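Asks:
In my numbering, the protein residues as written are 3 to 1039.
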């Protein structure tokens, strides 16, 4: 049976089928979304609860614990972490990748409702949650700033004009405003004035509450008309609050303005934001899953002129960071690499064939395979991203292999004097089974990728499907279009005349083949030594695999850096601002920094008062002389010169794994039932980690030395006066807790009315002696007489993992250090130094790396097993698949040695390169062994003679396919273009593996064939002469 016969005899049908593939592929290409990476959705939900003024212990015990108990019962919950700081609790719930985020959200809402009865009654608002995806970073950051306009007015433009309009753009998921300065009326009490008037804090707060009302007052119904009643109970700004009468003293009213400063202010005064040194705020735009990142950014950018026209001249609107720039550059560079690869592969084909029509025929497999793959990608909801385009680029090197093999065999028959039609029919029939074997076995090597879990699996599912599609289409093209064109285009061999250049190249190739002939005879003569050498290579491969440094996801230069700053616990807001400004000055003068956002006051991962944050947008790569990692190291040294401030810099990974925010890229968590033991062990272990080579920026989220003013209530004395502990704590919260006491209902929004002590009194603990609470008989009692106070230290934040206290130590790698070596060193240190009661685990990217080591090793074994099974089925043999796979150790040595030579880790991309080698290298063996098997079965040759003849006959197509694969991977190995540093290990693995295996498998495969054929004959004799029925490949019929 000849599957190509119908295509050779029906050229119109074949042509129309190919045109259809091209049309559907081109249409799909124009509709494919563009992104930097495949859609990787982590079902993550973040729950936030606010209770202004509450201590971290109160938030952990009264808020986090009830919620965590309910959340822990939700099915599919992978991890739960909480961060409790002053007045704030944030619980992050990360679910299994297969869990529906919408279903999980319903369960979270139900759990919050159940926990509500155990939460404090005085929460200003119920817990809220939002669905987040840590892996999906914002695609655009917009900065709005002004030196002269009130920050609350700028905030109105940002939130009510821009954010709402942008959120309506198709493809936009949400718009977050960082550094929001929402309007609020702020009432700052003067305790001395209150004391002189005999007014307590509770009396002032109650007067404001009763003075600002928004109640329904009904309607007036007359005989013929009905009136809606509206009253003037609402107070809308500071000027309206100042005349409020708080109390009457000696027959005269005491107005609010007499005992307090009332101002138009903002909700949060202890937070400052700068955009490149100018006060402002930032809008972060996130896209919907599957949306085209570039189109979303372009659509938002089109709105900017409209926004600018509505803003006052004193307000600036600029782009802080545009992720689409790096996406466009990276995708454009991959496209260029794809075109370059196509050109190199076609050049290789022409070099070997030296005939333009013959070069065009296999080259058509390139556009057919790539364009056809676009149609499948569109149907499966894929995008044009670095992963899918890299798959197509890599496929270029070997999708022509099948067509080359088909063409070469048909040309060989024509050189025997056959007509083009006869050569096409007989040559395609002879080689079709070989092509089917090559195609199916190469595609099958990627099947295990579908069993990969976690983020690695999500990333490379798209890669596997894309490359398998291109391979299968190329196989179809090679047995349909290629033989059909050979019949129509190629001229009979006798009619062709060749020039001197052609003949000179032919003589050079003949000399190369003669040299191979002589060396192959020598190797076959010394087959035992060759076998021993090949087995030694297997040992070298195993040793190299264990010795090479292991990595995970390589860093990329996307033009963005992030910085977390930290001062000592208890630092004042004013001091923190001054220190952060020193960093701002450094960045304004840095030649590689284009823009930056700076936040101080609750800006770090733990949202504590001694944290700050910076986000840096670097100049385009062509406008700076240093890479992002080089800029990072230089800024680290500059920031270290600022006294009293520790800076932790990161080059954000292309995809963030896990929902835990930290100051370093990698995290190691300690847990214990005893907090005292946990805190002591964590402090000691953190200090030892700082002395570990290969890591830097070691820090932790343990903050337990924050200065505290502890208030002890004399309950007996208070009770005797009819004063409750609730009254005392309410007075303290109103004075020091930035407490919302009323709400302003405006037409477009709601605003807070906040009460506190005047700043000069907040800074002095002695002001407590000026505060009063009212007793049961209406008398004012000095608060100082009901309490004792003492200065102590306590936690600034309390963190949980699961429902247990946890301390997370974060760190970054020093340049040139592998993640694998650091993970091993930390685990060894933990085993030696930590007591058995401390439980440890890596989190985030480090945890995913640990899982990937086992998963990828299993994947590698599965890939070999799948290939063996597929080949065994195709050849109906247990033995011959081993012969075909005999070249794998040489490929492994070449790949691993090349990575070590270039000083690179074996990371995820390198693993994929090795898996690809498994599929590519065995192609050479298939071509030799198919010929040898046919020679043995059809011509009665001995095994030694058959494999020797097969090696020589298939030498030309082996060289062509190998060179094509090398040229197809070389541009990736060179690492040219944006984001190429991440793809480079894959290219180096394939190039190094092919170069070594190409040389060695030409000799190893014949030797293994002879040995294993002899072993097969021995088995048959041992079975008592019982011979299974011969099963020849399709070419035998």
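The beta-carbon is built from N, C-alpha and C at its ideal position, and this holds for glycine as well.
Predicted model, so just to flag it, every value in this text is computed and none were measured.
Which class does residue 51 belong to by DSSP, given the choice of helix, strand or coil?
Replies: Translated into the one-based positions of the chain shown, residue 51 becomes position 49. Strand at residue 51.
Asks: Residues in its own chain within less than 8 Å of residue 836 by CB, not counting five upstream and five downstream?
Replies: To locate residue 836, count along the chain shown from 1; it is residue 834. The answer, listed in chain order, is 672, 683, 687 and 842.
Asks: Mind listing, in chain order, the continuous alpha helix (DSSP H) runs of no fewer than 4 residues lying wholly within the region 143–194?
Replies: Whole alpha helix (DSSP H) segments, 4+ residues: 153–158.
Asks: Three or more C-beta pairs closer than 8 Å, one from the region 360–374 and one from the region 460–468: is that the case here?
Replies: Touching, no, given that fewer than three Cβ pairs across the two stretches are closer than 8 Å.
Asks: Could you check how far apart the C-beta atoms of residue 156 and residue 317 are, in whole angstroms? I think they sit under 8 Å.
Replies: The residue labelled residue 156 in the question sits at position 154 within the chain shown. The residue labelled residue 317 in the question sits at position 315 within the chain shown. About 6 Å; that satisfies the 8 Å criterion.
Asks: Please determine, among 187, 152, 454 and 617, the residue with the shortest C-alpha to C-alpha distance to residue 744.
Replies: Position 742 of the chain shown, counting from 1, holds the residue named residue 744. The shortest Cα separation from residue 744 among 187, 152, 454 and 617 belongs to 187.
Asks: DSSP puts residue 283 in a beta bridge; with which residues?
Replies: Mapped onto the chain shown, residue 283 falls at position 281. Residue 283 pairs with 146.
Asks: Using the beta-carbon count (16 or more within 10 Å), is residue 896 buried or exposed?
Replies: One-based indexing of the chain shown puts residue 896 at position 894. Flag for residue 896 reads buried.
Asks: Exposed or buried, which one is residue 900 when buried takes at least 16 other CB atoms within 10 Å?
Replies: Counted from its first residue, the chain shown places residue 900 at position 898. Buried, by the Cβ-count rule.
Asks: Identify, in the order they occur along the chain, each residue of the same chain with its Cβ nearer than 7 Å to the Cβ of residue 605, setting aside the five sequence neighbours on each side.
Replies: Stepping through the chain shown from its first residue, residue 605 is reached at position 603. Its pLDDT being 48, under 50, residue 605 is placed unreliably in this model, and the value from its coordinates should be taken loosely. The answer, listed in chain order, is 613, 614 and 615.
Asks: Would you kindly work out how many angstroms separate the C-alpha atoms of residue 94 and residue 971, rounded to a whole number?
Replies: As a working mapping, residue 94 is identified with position 92 in the chain shown. As a working mapping, residue 971 is identified with position 969 in the chain shown. Cα to Cα, residue 94 sits roughly 42 Å from residue 971.
Asks: Does DSSP put residue 266 in a helix, a strand or coil?
Replies: Residue mapping note: residue 266 aligns to position 264 of the chain shown, counting from 1. DSSP places residue 266 in strand when its eight states are reduced to three.
Asks: Per DSSP, what kind of secondary structure is residue 956 in: helix, strand or coil?
Replies: Looking up residue 956 in the chain shown gives position 954. Looking at residue 956 - three-state DSSP - the assignment turns out to be coil, as it is neither helix nor strand.
Asks: In angstroms, rounded to a whole number, what distance separates the CA positions of residue 708 and residue 800?
Replies: Taking the first residue of the chain shown as position 1, residue 708 is located at position 706. Taking the first residue of the chain shown as position 1, residue 800 is located at position 798. Between residue 708 and residue 800, the C-alpha separation is close to 12 Å.
Asks: I'd like to know if the region 547–566 and the region 618–629 are in contact, where contact means that at least 3 CB-CB pairs between them fall below 8 Å.
Replies: Because the criterion of three Cβ pairs below 8 Å is met, the region 547–566 and the region 618–629 touch.
Asks: Based on the DSSP secondary-structure assignment, which residues constitute the bridge partners of residue 562?
Replies: Taking the chain shown and counting its residues from 1, one reaches residue 562 at position 560. Paired residue(s): 619.
Asks: If you measure between the beta carbons of residue 637 and residue 581, is that distance less than 7 Å?
Replies: For the purposes of this step, residue 637 is taken as residue 635 along the chain shown, with counting starting at 1. For the purposes of this step, residue 581 is taken as residue 579 along the chain shown, with counting starting at 1. Against a cut-off of 7 Å, the Cβ pair of residue 581 and residue 637 comes out as no contact.
Asks: Bridge partners of residue 776, per DSSP?
Replies: By 1-based counting over the chain shown, the position of residue 776 is 774. Answer by DSSP bridge pairing, in chain order: 782.
Asks: If you reduce the DSSP assignment to three classes, tell me which class residue 606 lands in.
Replies: The sequence position of residue 606 within the chain shown is 604, counting from 1. Annotation note: pLDDT 46 at residue 606 (below 50); position unreliable, coordinate value reported separately. Residue 606 falls in the coil class under three-state DSSP.
Asks: Select from 249, 50 and 381 the residue whose C-alpha is nearest the C-alpha of residue 292.
Replies: For the purposes of this step, residue 292 is identified with residue 290 of the chain shown, where counting begins at 1. Of 249, 50 and 381, the residue nearest in Cα terms is 381.
Asks: State buried or exposed for residue 20, treating a residue as buried only when at least 16 other CB atoms are found within 10 Å of its CB.
Replies: Here residue 20 is taken as the residue at index 18 of the chain shown, counted from 1. With 16 or more other Cβ atoms within 10 Å, it is buried.
Asks: Check for me: the beta strand (DSSP E) holding residue 741 runs from which residue to which?
Replies: Taking the first residue of the chain shown as position 1, residue 741 is located at position 739. From DSSP, the beta strand (DSSP E) with residue 741 extends over 741–747.
Asks: Could you check if residue 727 is buried or exposed, using at least 16 other CB atoms within 10 Å of its CB as the buried criterion?
Replies: In the chain shown, the residue the question calls residue 727 occupies position 725. Exposed, since its Cβ has fewer than 16 Cβ neighbours within 10 Å.
Asks: List in chain order: all unbroken alpha helix (DSSP H) runs of 4+ residues lying wholly within the region 367–414.
Replies: Correct list: 367–381.
Asks: Under 8 Å by Cβ, that's how I've got residue 433 and residue 408 pegged, so tell me the actual separation to the nearest angstrom.
Replies: Start at 1 with the first residue of the chain shown, and residue 433 comes out as number 431. Start at 1 with the first residue of the chain shown, and residue 408 comes out as number 406. Sure, about 6 Å apart at Cβ, within 8 Å.
Asks: Could you tell me the alpha carbon to alpha carbon distance between residue 909 and residue 992, rounded to whole angstroms?
Replies: In the chain shown, the residue the question calls residue 909 occupies position 907. In the chain shown, the residue the question calls residue 992 occupies position 990. Spanning the two alpha carbons is a distance of roughly 14 Å.
Asks: DSSP three-state label for residue 19, please.
Replies: Counting from 1 along the chain shown, the entry for residue 19 is found at position 17. In the structure shown, residue 19 sits in a helix (DSSP, three-state: H, G or I).
Asks: Alpha carbon to alpha carbon, how far is residue 771 from residue 189?
Replies: Translated into the one-based positions of the chain shown, residue 771 becomes position 769. Translated into the one-based positions of the chain shown, residue 189 becomes position 187. Distance between the alpha carbons of residue 771 and residue 189: 20 Å.
Asks: So, are the CB atoms of residue 53 and residue 125 less than 7 Å apart?
Replies: Here the question's residue 53 lines up with position 51 in the chain shown. Here the question's residue 125 lines up with position 123 in the chain shown. Yes. Within cutoff.
Asks: Between residue 229 and the rest of its own chain, which residues show a CB-CB distance below 6 Å, the 5 nearest in sequence each way excluded?
Replies: One-based indexing of the chain shown puts residue 229 at position 227. The residues are 222.
Asks: Check residue 883 in the structure and name its three-state DSSP category.
Replies: As a first step, residue 883 is located in the chain shown; it is residue number 881 there, counting from the start. Residue 883 falls in the helix class under three-state DSSP.
Asks: I think residue 847 touches residue 667, with their Cβ atoms under 8 Å apart; what is that distance to the nearest whole Å?
Replies: For the purposes of this step, residue 847 is taken as residue 845 along the chain shown, with counting starting at 1. For the purposes of this step, residue 667 is taken as residue 665 along the chain shown, with counting starting at 1. Confirmed, Cβ separation roughly 6 Å.
Asks: For the candidate residues 586, 578, 559 and 794, whose alpha-carbon lies nearest to that of residue 628?
Replies: Here residue 628 is taken as the residue at index 626 of the chain shown, counted from 1. Looking at the Cα atoms, 559 is the closest of the given residues.
Asks: So for residue 58, helix, strand or coil by DSSP?
Replies: The residue labelled residue 58 in the question sits at position 56 within the chain shown. Reduced to three states, the DSSP call for residue 58 is helix.
Asks: Ends of the alpha helix (DSSP H) at residue 211?
Replies: By 1-based counting over the chain shown, the position of residue 211 is 209. First-last of the alpha helix (DSSP H) with residue 211: 203–213.
Asks: Tell me residue 714's beta-bridge partners as DSSP assigns them.
Replies: Mapped onto the chain shown, residue 714 falls at position 712. DSSP, once it has assigned bridges, lists 790 as partnering residue 714.
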